[in-house]
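Chains as they are written, first to last, in the working numbering: chain A, 136 to 542; chain B, 6 to 142.
Reviewing the structure listed below.
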């Protein structure tokens with residue numbers, strides 16, 4: 136099969152909508168356009184039925200028992216905000232302490248920072264070199280003031296899969312609520328809100344081949360029944376947790392995307408794992424000074440985050456401009472600060488600047504992987520030839536011993 | 006972010022990539038930037054007895070704009086006297102390459118690299134002159 140350009144290998148940022156998802160959505164734009172809150176006619180009933188069917192499909196992929204535990208939002212950022220602020224506000228008489236990790240998505244970290252300004256105490260746990268938090272650290276940090284622990288399922292940059300099952304045991308035992316931003320891992324790695332004792336989970340459709348603009352928050356209804364304060368006032372939709380007319384076509388698409396994951400997630404993950412390892416070995420067997428960032432074992436199957444020492448990430452991306460990937464280099468931002476996630480792993484700034492994230496997905500092929508691996512090897516070799524650091528390294532100069540003028 | 010055609014041209018076909026013998030007294034070497042900041046430029050000049058830059062080479066670790074800025078810098082300084090080369094401003098590089106605001110630091114680094122190479126050359130000349138006097142006594 137002939138390759139088509141550009142090649143998309145940035146499936147952690149977003150994913151294309153699966154044609155099967157689009158197909159199911161279309162009637163809900165045109166003929167079945169009713170408002171799911173309309174109780175007085177067939178259009179409304181039809182929409183409500185479709186929404187409830189989607190709730191069921193979403194509940195199923197995360198192991199939730201009751202489809203009423205799914206509240207729709209605009210996406211995971213809103214879900215994270217609603218979960219953390221909503222719980223903090225509701226349980227403020229019980230305590231004011233929240234535990235999270237330094238490698239969470241900004242939607243969690245910045246929400247926590249906001250709460251700190253309002254007087255809450257937040258503990259940001261560090262992670263190991265593999266990007267994983269130690270469950271014992273969670274255990275040690277819980278106090279009688281702790282109301283919530285928030286740890287992501289899988290990291291968006293390095294793909295590290297967190298030990299949620301172990302953390303869930305601890306939080307359940309201590310009677311602390313447990314939230315997870317699960318967006319990157321749904322259908323891709325083992326996740327079950329019952330088995331993992333998860334009380335709140337943020338989900339989004341566009342990372343699993345569904346449409347952008349629709350997400351959900353799983354909110355446990357029994358043992359324990361989780362309560363939260365709505366962050367937006369209005370018509371009291373979604374059991375009072377999130378007001379706003381439901382975008383039925385998007386919800387239908389989200390449901391279908393989850394259904395496909397329930398059916399095919401396992402086999403797809405196995406395929407992506409093989410492709411990821413193919414990409415990794417084809418690059419690493421032909422280049423020196425290449426480092427994998429994060430755990431190889433506990434990792435999203437489609438994720439490969441690697442640093443090409445002595446080559447700058449954005450420079451490399453420009454060399455492979457027909458391939459869409461991303462970099463932990465800060466060169467595109469004004470701050471000159473490389474990825475905070477890589478920093479948290481203890482990856483030095485120079486290697487963080489040299490990192491590339493490949494995110495393989497449903498529509499990537501073996502031919503694409505082979506093409507990209509060959510291209511990367513070729514371009515890294517070329518860029519090293521014009522890199523003064525590579526030359527110095529080859530001459531045996533210790534780059535760390537040089538006093539560089541920071542700028 | 007879209008790169009200008011001139012950046013892409015220099016990036017894809019960089020001029021004057023290479024290394025000069027840094028122990029040669031007629032060669033000045035400038036090494037600026039830092040790996041931790043994501044860009045390092047090494048710019049070298051060979052200066053003849055008339056103070057004219059006969060040759061210039063660079064190697065750069067950095068983004069496309071950094072590579073393009075250093076490539077352009079070597080092109081511009083070749084054939085100039087060191088005094089002329091020293092007067093090149095980063096704003097001229099920004100203008101020529103159409104660099105966006107977040108990439109201005111690349112041009113600053115290129116200007117620094119030129120100045121640093123010239124300073125290194127002058128230092129070598131002064132040291133040589135001093136040694137020459139000592140020897141003559």
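Just so it is clear, CB atoms sit at the ideal spot from N, CA and C, and this is done for glycine as well.
What span of residues does the alpha helix (DSSP H) with residue i cover, start to end?
i, result
"residue 186 of chain A", "177–197"
"residue 527 of chain A", "523–529"
"residue 401 of chain A", "383–419"
"residue 509 of chain A", "501–520"
"residue 15 of chain B", "10–17"
"residue 246 of chain A", "241–252"
"residue 219 of chain A", "211–225"
"residue 156 of chain A", "154–160"
"residue 275 of chain A", "270–276"
"residue 87 of chain B", "87–91"
"residue 475 of chain A", "475–479"
"residue 366 of chain A", "Run containing residue 366 of chain A: none; DSSP gives neither H nor E here."
Kindly indicate if chain B contains any beta-carbon less than 9 Å away from that of residue i.
i, result
"residue 464 of chain A", "yes"
"residue 449 of chain A", "yes"
"residue 484 of chain A", "yes"
"residue 282 of chain A", "no"
"residue 522 of chain A", "yes"
"residue 140 of chain A", "no"
"residue 510 of chain A", "no"
"residue 151 of chain A", "no"
"residue 341 of chain A", "no"
"residue 454 of chain A", "yes"
"residue 525 of chain A", "yes"
"residue 540 of chain A", "yes"
"residue 488 of chain A", "yes"
Tell me residue i's beta-bridge partners as DSSP assigns them.
i, result
"residue 426 of chain A", "A/442"
"residue 494 of chain A", "A/145, A/438"
"residue 462 of chain A", "A/491"
"residue 337 of chain A", "A/316, A/352"
"residue 295 of chain A", "A/434"
Compute the Euclidean distance between the alpha carbons of residue i and residue j, then round it to the nearest angstrom.
i, j, result
"residue 480 of chain A", "residue 448 of chain A", "18 Å"
"residue 495 of chain A", "residue 378 of chain A", "35 Å"
"residue 439 of chain A", "residue 291 of chain A", "11 Å"
"residue 38 of chain B", "residue 162 of chain A", "57 Å"
"residue 414 of chain A", "residue 502 of chain A", "11 Å"
"residue 261 of chain A", "residue 283 of chain A", "17 Å"
"residue 125 of chain B", "residue 54 of chain B", "16 Å"
"residue 406 of chain A", "residue 399 of chain A", "11 Å"
"residue 226 of chain A", "residue 388 of chain A", "34 Å"
"residue 207 of chain A", "residue 153 of chain A", "20 Å"
"residue 287 of chain A", "residue 111 of chain B", "37 Å"
"residue 48 of chain B", "residue 64 of chain B", "7 Å"
"residue 473 of chain A", "residue 418 of chain A", "23 Å"
"residue 384 of chain A", "residue 143 of chain A", "26 Å"
"residue 247 of chain A", "residue 350 of chain A", "20 Å"
"residue 130 of chain B", "residue 265 of chain A", "52 Å"
"residue 71 of chain B", "residue 491 of chain A", "18 Å"
"residue 244 of chain A", "residue 90 of chain B", "48 Å"
"residue 445 of chain A", "residue 46 of chain B", "12 Å"
"residue 376 of chain A", "residue 365 of chain A", "5 Å"
Would you give the residue range spanned by the beta strand (DSSP E) that residue i belongs to?
i, result
"residue 259 of chain A", "256–260"
"residue 316 of chain A", "312–316"
"residue 49 of chain B", "44–52"
"residue 206 of chain A", "205–208"
"residue 59 of chain B", "58–66"
"residue 36 of chain B", "32–39"
"residue 285 of chain A", "281–285"
"residue 236 of chain A", "232–236"
Under 9 Å between C-beta atoms, does residue i make it to chain A?
i, result
"residue 64 of chain B", "yes"
"residue 142 of chain B", "Low confidence applies to residue 142 of chain B: its pLDDT is 39, below 50, so where it sits in the model is not reliable enough to give any reading."
"residue 24 of chain B", "yes"
"residue 44 of chain B", "yes"
"residue 38 of chain B", "yes"
"residue 93 of chain B", "no"
"residue 71 of chain B", "yes"
"residue 51 of chain B", "no"
"residue 84 of chain B", "no"
"residue 67 of chain B", "yes"
"residue 41 of chain B", "yes"
For residue i, is the beta carbon positioned less than 8 Å from some heavy atom of the ligand ADP?
i, result
"residue 452 of chain A", "Among the components of this structure there are no ligands whatsoever, and the ligand ADP is therefore not found."
### Task
Report yes or no: do three or more beta-carbon pairs, one from the stretch 200–219 of chain A and one from the stretch 267–279 of chain A, lie closer than 8 Å?
In the pairwise beta carbon analysis, the stretch 200–219 of chain A is classified as not touching the stretch 267–279 of chain A: fewer than three pairs are separated by under 8 Å.
#### Entry: Three or more C-beta pairs below 8 Å linking the stretch 524–540 of chain A and the stretch 69–84 of chain B
Judged by pairs of C-beta atoms under 8 Å, the stretch 524–540 of chain A does not touch the stretch 69–84 of chain B, as fewer than three such pairs exist.
### Inter-stretch contact at 8 Å, needing at least 3 Cβ pairs: the stretch 303–311 of chain A / the stretch 452–460 of chain A
no
### Message
When you compare the stretch 321–332 of chain A with the stretch 421–440 of chain A, are there three or more beta-carbon pairs, one atom per stretch, that lie closer than 8 Å?
### Response
yes
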